[in-house]
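K.L.:
Sending over a structure as structure tokens; questions will come in a sec.
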Amino acid sequence: MAIKNEVEDLEKASINVIQIDEVALREGLPLRKSEQAFYLDWAIHSFRITNVGVKDTTQLMCFNSYDPHPHVLLQLQ
Numbered sequence: 228m229a230i231k232n233e234v235e236d237l238e239k240a241s242i243n244v245i246q247i248d249e250v251a252l253r254e255g256l257p258l259r260k261s262e263q264a265f266y267l268d269w270a271i272h273s274f275r276i277t278n279v280g281v282k283d284t285t286q287l288m289c290f291n292s293y294d295p296h297p298h299v300l301l302q303l304q
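Using the numbering used here, the letters of the sequence shown correspond one by one to residues 228 to 304.
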């Protein structure tokens, strides 16, 4: 929730381009294939919490390498 609060504070300060670098998908990805889908679902849900209620005029950006999971990028939008 700290990141969500920070995004809200930045919007209140009229900042409309915000980069969130907390999407460490590869760094936290379990080595066991059987655990990866659960982890990715959790990570996507957690990221979405940070941008619930963000104004349509605010751009959220993040950096990460999504290979070999490019479908995750689409789910973060």
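C-beta atoms are modelled at their ideal positions from N, C-alpha and C, and glycine is treated no differently.
All values reported here derive from a predicted model rather than from experimental measurement.
Name the two residues that bound the continuous alpha helix (DSSP H) containing ILE230.
P.N.:
Along the sequence shown, one-based indexing puts residue 230 at 3. Segment 229-239, the alpha helix (DSSP H) holding ILE230.
K.L.:
Closest to ASN232 by C-alpha separation, out of THR284, THR277 and LEU258, would be which residue?
P.N.:
Within the sequence shown, numbered from 1, the residue matching residue 232 stands at position 5. Ranking the options by Cα distance to ASN232, first place goes to THR277.
K.L.:
Considering only residues of the region 265-291, which uninterrupted beta strand (DSSP E) runs meet the minimum length of 3 residues and lie entirely inside it, listed in chain order?
P.N.:
Here the runs fully enclosed are 286-288.
K.L.:
If ILE247 sits next to LEU237, beta carbons under 8 Å apart, how far is it from one beta carbon to the other, in whole angstroms?
P.N.:
Looking up residue 247 in the sequence shown gives position 20. Looking up residue 237 in the sequence shown gives position 10. Between LEU237 and ILE247 the Cβ distance is about 10 Å, and since that is not below 8 Å, they are no contact.
K.L.:
Looking at VAL244 and the ligand FAD, is the gap between the Cβ and the nearest heavy atom below 7 Å?
P.N.:
Questions concerning the ligand FAD fall outside what the structure shown contains, since it holds no ligand whatsoever.
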